[in-house]
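>
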Amino acid sequence: MSDKKTVSLVLGSGGARGLAHIGVIEQLVHSGFEIKTIAGSSMGALIGGVYAMGKLDVYARWVTSLERGDVIRLLDLSFGRNGLIKGDRIISVLKSLIGDANIEDLPIRFTAVATDLEDEKEVWLSDGSLFDAIRASIAIPTIFTPHQYRGRQFLDGSLINPIPMAPTLHDDTDLTIAVNLSGKPQSLAKAKQAAVAKAAPGNHQHATRQQRIAQFVDDLMHHLEWQSADTLGMLDIVMKSMNIMENTLAQAQLKTYSPDLVIEIPRNACNFYEFHRAREMIEIGRQRTEAVLSKYHA
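Using our numbering, read the sequence shown as starting at 12 and increasing by one per residue.
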């Protein structure tokens with residue numbers, strides 16, 4: 012019989028900030044916890060599903076190799092009126108990288124949360140194709156086209172439930188741990204430095220150069236955003252609106268269900284689309300988890 016504490020893990024939504032979930036999971040496992048069940052919304056569904064399939068290490072190696080241009084090449088533009096990106100290309104790449112499986116056959120119980128567009132309600136996807144469930148859960152309005160599955164059209168789970176704790180309420184586990192990607196803004200310099208330091212030795216100089224370039228671009232974009240705040244583009248408005256909605260719903264979920272531990276990822280950690288910052292986000296997830304666990308063990 013295992014002496015490990017068992018965990019129901021709830022992974023929240025938040026675009027590229029969701030890459031922090033990788034660091035969270037890695038640190039929990041390293042600290043001796045056994046993740047028995049996972050519920051995820053949007054990016055939380057993607058990372059949670061990949062881990063439940065036993066392929067998180069494969070995904071992590073792939074995503075940390077992506078640069079800005081690689082991310083752009085993964086986008087397949089839609090010429091319809093119901094979304095900018097079809098999402099078929101990224102799902103196809105992930106399937107070839109990881110494979111697909113039926114959720115009910117996974118070694119870890121998994122639930123992806125999506126929104127039924129017609130019935131306007133939250134839907135729990137806990138059987139059938141893993142990647143159909145993931146694609147349904149990440150269908151951000153106006154960005155991704157809705158996902159047609161089982162005779163219904165699904166949108167992003169964060170529209171109703173950005174931190175889906177309800178699917179874990181009846182779990183027979185020791186702890187429920189929720190990861191909120193809408194935490195209060197904080198300084199993240201330590202995580203950035205650690206991410207660069209952990210780059211492969213042979214790539215250290217390249218990684219440092221890339222980090223400096225990325226920091227310059229980020230500082231420039233931040234300056235421009237402040238200079239042109241009165242002329243936000245359509246996507247800026249959509250994403251800021253989504254962030255406001257997610258923040259409000261996330262706080263309501265946390266107050267309603269009160270998980271045993273909450274790991275907060277600052278909402279200023281990165282922008283929604285900055286998937287090229289995976290290494291940094293993983294380090295943030297690891298550091299935040301380590302800090303929460305140190306207080307739990309104290």
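For glycine and all other residues, C-beta sits at the position ideal for the given N, C-alpha and C.
Among the candidates T187, D143, D185 and V82, whose CA atom is the shortest distance from the CA of R161?
Checked all of T187, D143, D185 and V82; the closest Cα to R161 is D143.
> What's the C-alpha gap between Y307 and D87?
Distance between the alpha carbons of Y307 and D87: 44 angstroms.
> So, under 8 angstroms CB-CB, M256 and A27 are touching, yes? Tell me the CB distance rounded to an integer number of Å.
With a Cβ gap of about 18 angstroms, M256 and A27 do not count as contacting.
> Contact between the segment 258–268 and the segment 290–304: three or more CB pairs below 8 angstroms?
With the cut-off at 8 angstroms, the segment 258–268 and the segment 290–304 do not touch.
> Assuming K106 is part of the alpha helix (DSSP H), what are its boundary residues?
Per DSSP, K106 belongs to the alpha helix (DSSP H) from D99 to I109.
> Evaluate V104 with the Cβ neighbour count: other Cβ atoms within 10 Å of its Cβ, from every protein chain shown; 16 or more gives buried, anything less gives exposed.
Exposed is the call here.
> Which residue's Cα is closest to the Cα of D271: S148, T179 and A123?
Taking only the C-alpha atoms, the option nearest D271 is T179.
> With DSSP as the reference, label P178 as helix, strand or coil.
P178: helix per DSSP, three-state reduction.
> Taking the alpha-carbon positions, what's the R290 to R299 distance?
Straight-line Cα distance between these residues: approximately 14 angstroms.
> Near L304, what residues of its chain come up, given a Cβ to Cβ distance below 6 angstroms and the 5 sequence neighbours on each side ignored?
Answer for L304: S42, listed in chain order.
> Buried or exposed, going by whether 16 or more other CB atoms sit within 10 Å of the CB of S346?
Residue 346 is absent from the model: the chain starts at 12 and stops at 309.
> Where does Q159 fall in DSSP's three states?
Note: Q159 maps to strand in three-state DSSP.
> If you follow the alpha helix (DSSP H) that R120 is part of, which residue opens it and which one closes it?
It is not in any alpha helix (DSSP H) - R120 instead sits in the beta strand (DSSP E) that spans R120 to D127.
> Starting from K306, follow the alpha helix (DSSP H) in both directions and report where the run begins and ends.
It spans A289 to H308 - the alpha helix (DSSP H) in which K306 sits, taken as one unbroken run.
> Assuming E37 is part of the alpha helix (DSSP H), what are its boundary residues?
E37 -> alpha helix (DSSP H) spans A31 to H41.
> Exposed or buried, which one is N191 when buried takes at least 16 other CB atoms within 10 Å?
Classification of N191: buried, given that the 10 Å Cβ count is 16 or more.
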